[in-house]
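A.B. asks: Heads up: the protein sequence lines correspond to chains A and B, in order.
Just so we're aligned: 1193 in the numbering used here is position 207 of the first sequence, and the numbers increase by one with no gaps anywhere.
Just so we're aligned: 186 in the numbering used here is position 169 of the second sequence, and the numbers increase by one with no gaps anywhere.
Where is the CB? At the ideal position from N, CA and C, for every residue including glycine.
Source: prediction; values computed, not measured.
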Amino acid sequence: MDSTSAGLARSAVKAKGRRGPTNPFRMALIGLAGVIPVVIAAVLLFLVVYAWPAIRFNGIDFLLTKTWDLGNLYADPVPRHGVLAPIGATYGCLVFVAGTLASSFLALLVAVPVSLGIAVFLAEGVKRQLRTPFAIVVELLAVVPSVVYGLWGIIVLVPIAAHIIAPVLAAVFPFIPFLAQAGGSGFGLLSSSLVLALMVIPVITITVFDALTRIPKEAKEAAYALGTTKFEMVFFTMLPMIRPAVIGAVILGLGRALGETMAVLMVSGGALNYMPTTLMSPISTMASFILSQLDSAEQDESGLAVQSLAEIAIVLFVITVVVNIVARLLVRKGASR
Amino acid sequence: MTEAAFAPSFNRAATKPRAVAGRKLRSSIGWAFCAFSFLLVAAPLIDIILLVLVRGFSALSVQLLTQVTQGVSGGLLNAIEGTVVLSIGALLFGVPIGVGAGIYLAEFGNGRFGQIVRFMADVLTGVPSIVLGYFSYVTMVNWLGWKFSVLAASITLAIMVLPYMAKMTELVLRQIPIPMREAAYALGAGDSKVVMRVLLPVALPGILTAILLSLAISVGETAPLIYTAGWSNYLWNGQVVHQPIGYLTYVIWSFINQPFASAHALAFAAALLVMMTVLAINLAARAILRVRGA
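1) Give me the Cα-Cα distance between A/Ala1121 and A/Trp1138, rounded to the nearest whole angstrom.
2) May I ask you to report which of helix, strand or coil DSSP gives B/Ile262?
3) Kindly give me the distance between the Cβ atoms of A/Pro1023 and B/Ile133, rounded to whole angstroms, as I take these residues to be in contact under 8 Å.
4) Could you pull the DSSP bridge partners for A/Ser1171 from this structure?
5) Quick check on DSSP: helix, strand or coil for B/Gly237?
6) With DSSP run on the structure shown, which of helix, strand or coil describes B/Asp208?
7) Closer than 9 Å, Cβ to any Cβ of chain A: which residues of the stretch 139–159 of chain B, in chain order?
8) Any beta-carbon of chain A closer than 8 Å to the one on B/Thr266?
9) With 8 Å as the threshold, decide whether the Cβ of A/Ser1267 is near any Cβ in chain B.
10) Whose C-beta lies closer than 6 Å to the C-beta of A/Thr1306 among residues of the same chain, with five residues either side of it excluded?
11) For A/Leu1070, which three-state DSSP category applies?
12) Which residues does DSSP pair with A/Asn1347 in a beta bridge?
13) Report the three-state DSSP secondary structure of A/Gly1213 (helix, strand or coil).
14) B/Ser146 by DSSP, collapsed to three states: which one?
15) Threshold first: 4 residues or longer. Then list the alpha helix (DSSP H) segments lying entirely within the stretch 57–83 of chain B, N to C.
16) Entirely within the stretch 275–300 of chain B and at least 4 residues each: give me those alpha helix (DSSP H) ranges in chain order.
17) Please list the partners that B/Lys41 has in chain A, where partner means a Cβ-to-Cβ separation under 8 Å.
18) Unbroken alpha helix (DSSP H) runs of length 4 or more, entirely within the stretch 97–184 of chain B: which are they?
19) What is the DSSP secondary structure of B/Val215, counted as helix, strand or coil?
20) Going by beta carbon distance, what residues of the same chain come within less than 7 Å of A/Arg1318, once the five residues before and after it are set aside?
21) Within 8 Å (strictly less), CB to CB, does A/Tyr1036 reach chain D?
22) Report yes or no: do the stretch 1200–1209 of chain A and the stretch 1266–1280 of chain A share at least 3 C-beta pairs separated by less than 8 Å?
23) Name the DSSP beta bridge partners of A/Ile1269, please?
24) Based on the DSSP secondary-structure assignment, which residues constitute the bridge partners of A/Val1064?
25) Should B/Tyr121 be flagged as near chain A, meaning a C-beta pair shorter than 8 Å?
26) What number of angstroms, rounded off, separates the C-alpha of B/Gln256 from the C-alpha of B/Trp163?
27) Roughly how far, in whole angstroms, is the beta-carbon of B/Met185 from the beta-carbon of B/Gly119, given that I think they are within contact range, below 8 Å?
28) Would A/Gly1136 pass as an interface residue toward chain B - the criterion being a Cβ-Cβ separation below 8 Å?
29) For B/Thr245, which three-state DSSP category applies?
30) When the Cα atoms are used, what is the spatial distance from B/Arg198 to A/Val1312?
31) By alpha-carbon positions, which one of B/Arg303, B/Ala287, B/Ala304 ends up nearest to B/Ser78?
32) Given a threshold of 16 other Cβ atoms within 10 Å of its Cβ, counted over all protein chains shown, does A/Pro1226 qualify as buried or as exposed?
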């Protein structure tokens, strides 16, 4: 931060003896600001404490097991791995991790080129008067509630996926098993990825657009002086200059896609014990699974199922927090150059 | 375009007429891709808005706004009331804490603690809403025994809007020139007087914008509410704990999967109300910012 941002702290330096940090007003503000780190710590702490029996029961296999089976809920639970568990109960989140990663990756595959295209279009391609209305379109995309995306997905996107995209892909690429499944309901990996792409695009676009508009005029003029066309100037000069910001924006979008719940839940088809094999496979993501399974997990008297869901929440929390921290550091590095 | 007027390029071969034509063609294709990308997202946005408007308005009626839900038909009064109650509850907790945190970050937050809070606020915006919802389910709904309740749901929403409030308040306060603070101190005002009497009045439009955007987030959120607010067919009886409450986004999610026309009508009507509210709030926030900037 630069010196203009010092605020009261700078103004108050001379008066330090009279009102130092012990001033009650300042203590109150510190208390309020402290709520934010306390919440983060509390989320992690309470989830881990709550999920501890499940963490002990599942061990490291949790991340490698495909089966999610609540076991026999009508018999008395028996002790296993030092924890009372229903007979035959197995908890594994591999299917959901796979669904989350696959849908987020495919979403980025679509969203990244499109977002870069839009950002370049807004920053350099349109007249100044059109820039604001066009930017509003992108920003509105970011404020549509995710449940409305899900609604649109069910009504519009899923039929398109089932009746247009899937048959066309199957006809064009009959030799690629991943693409060649013509049947299916349309609820699945493809629809989830497309909805996610739509939700991620504004995140990436706005970040990249901001970085593009901050590039000094001299750099553009230097490129023009070499005789480039305008597009060559953008592609060979501007985009390479903001590479850290672009990477950060993409990872920021990834964080958004990994944690998205409602829209994905509504169009994903809700797979259980089933790895996605084609573009039309039904999937479950970690977030959508937590939401959809809590009801049935509560039927488990031993509580292990609900605790295992909490363990999924911890895995999701850790993944998204790490992804976001990396993204923020990259965006910041890109901005400071 | 005047590219042709520019002198020799990357190397001599690239300036031969054929090469120049090829480069121009590639540039045109590039621009076409950029414009196409924009259409690719503008079309779904327009389709979403049209779908919700058309289907929503055809389902909207007076009794929808005056009756409560009965099974999968009836009205949405309980859900509308619930969304209002939960959003106000979220602001009640989220705004004072968020604004206070923002004041701290802007005015005293250049030390290590400020850095940590700022960083944690970024982290908190990235935490999936379902994780926060599950946290509330474990702690408030279960351990504290509040059951599905207004209080648990409001606090969850408040946690979600908290980092936005803090970051935006900080941003607004940092735009106020330092001499204003120095002038106030020179008149003998203390920290609290400078903040309350000088800085906050100036920052008010910006903070109002932040409150509006937080309201939009609360109105549109679904995932963290499902296991904190529950659902209720009845109007709220004023209890903050032990009493589930309905809300509009639940209707969209849950009723669109029912095989009844009346359920679909309710879902679209709810979607219309949510979309209109969220869009109106965002446009209002934008207008406030523009008036201030002019």
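C.D. replies: In short:
1) As a working note, residue 1121 of chain A is residue 135 in the first sequence. As a working note, residue 1138 of chain A is residue 152 in the first sequence. Taking the straight line joining both Cα atoms gives about 22 Å.
2) Position 245 of the second sequence, counted from the start, is the residue given in the question as residue 262 of chain B. DSSP places B/Ile262 in coil when its eight states are reduced to three.
3) Locating residue 1023 of chain A in the first sequence gives position 37, where the first residue counts as 1. Locating residue 133 of chain B in the second sequence gives position 116, where the first residue counts as 1. In this structure A/Pro1023 touches B/Ile133 by the C-beta definition: roughly 6 Å separates them, less than 8 Å.
4) Within the first sequence, numbered from 1, the residue matching residue 1171 of chain A stands at position 185. Beta-bridge pairing links A/Ser1171 to no other residue.
5) In the second sequence, residue 237 of chain B corresponds to position 220, counting from 1. Correct three-state label for B/Gly237: helix.
6) Along the second sequence, read from residue 1 onward, the residue named residue 208 of chain B stands at position 191. The answer is helix: DSSP assigns B/Asp208 an H, G or I state.
7) Residues of the stretch 139–159 of chain B with a Cβ closer than 9 Å to any Cβ of chain A, in chain order: Asp139, Val140, Leu141, Thr142, Gly143, Val144, Pro145, Ser146, Ile147, Val148, Leu149, Gly150, Tyr151, Phe152, Tyr154, Val155, Thr156, Asn159.
8) Here residue 266 of chain B refers to the residue found at position 249 when the second sequence is read from its first residue. Yes, because at least one Cβ of chain A sits closer than 8 Å to the Cβ of B/Thr266.
9) Here the question's residue 1267 of chain A lines up with position 281 in the first sequence. Taking Cβ atoms only, chain B never reaches closer than 8 Å to A/Ser1267, which makes this a no.
10) Residue numbering aside, residue 1306 of chain A sits at position 320 when the first sequence is read from its first letter. Excluding positions up to five away in sequence, the list reads Gly1241, Leu1244, Gly1245.
11) Within the first sequence, residue 1070 of chain A is the residue found at index 84, counting from 1. Reduced to three states, the DSSP call for A/Leu1070 is strand.
12) Residue coverage of chain A in this structure runs from 987 to 1323, which leaves residue 1347 of chain A outside it and unanswerable.
13) As a position in the first sequence, residue 1213 of chain A is number 227, starting the count at 1. Coil at A/Gly1213, not helix or strand.
14) Here residue 146 of chain B refers to the residue found at position 129 when the second sequence is read from its first residue. Note: B/Ser146 maps to helix in three-state DSSP.
15) The qualifying runs are 79–83.
16) Under the rule that a run must span 4 or more residues, no alpha helix (DSSP H) segment is found entirely inside the stretch 275–300 of chain B.
17) Within the second sequence, numbered from 1, the residue matching residue 41 of chain B stands at position 24. Listed by position along chain A, the residues whose Cβ is nearer than 8 Å to that of B/Lys41 are Thr1215.
18) List check, alpha helix (DSSP H) in window: 129–143, 146–153.
19) Here the question's residue 215 of chain B lines up with position 198 in the second sequence. Helix, per DSSP.
20) Counting from 1 along the first sequence, the entry for residue 1318 of chain A is found at position 332. No residues qualify anywhere along the chain.
21) Chain labels in this structure do not include chain D; the protein chains are A and B.
22) Because the criterion of three Cβ pairs below 8 Å is not met, the stretch 1200–1209 of chain A and the stretch 1266–1280 of chain A do not touch.
23) For the purposes of this step, residue 1269 of chain A is taken as residue 283 along the first sequence, with counting starting at 1. In the DSSP output, where bridge partners are listed per residue, A/Ile1269 has A/Gly1255.
24) Mapped onto the first sequence, residue 1064 of chain A falls at position 78. BP columns for A/Val1064 point to A/Ala1071.
25) Numbered from 1 along the second sequence, position 104 holds the residue referred to as residue 121 of chain B. So yes, B/Tyr121 belongs to the interface.
26) Position 239 of the second sequence, counted from the first residue, corresponds to residue 256 of chain B. Position 146 of the second sequence, counted from the first residue, corresponds to residue 163 of chain B. Cα to Cα, B/Gln256 sits roughly 11 Å from B/Trp163.
27) The count along the second sequence starts at 1 and reaches residue 185 of chain B at position 168. The count along the second sequence starts at 1 and reaches residue 119 of chain B at position 102. Right, their Cβ atoms sit about 7 Å apart.
28) For the purposes of this step, residue 1136 of chain A is taken as residue 150 along the first sequence, with counting starting at 1. Output row for A/Gly1136: interface = yes.
29) Translated into the one-based positions of the second sequence, residue 245 of chain B becomes position 228. Reduced to three states, the DSSP call for B/Thr245 is coil.
30) The sequence position of residue 198 of chain B within the second sequence is 181, counting from 1. The sequence position of residue 1312 of chain A within the first sequence is 326, counting from 1. When only Cα atoms are considered, B/Arg198 and A/Val1312 end up about 36 Å apart.
31) Taking the second sequence and counting its residues from 1, the one referred to as residue 78 of chain B is at position 61. Checking every option, the nearest Cα to that of B/Ser78 belongs to B/Ala287.
32) If you number the first sequence from 1, residue 1226 of chain A lands on position 240. Exposed, by the Cβ-count rule.
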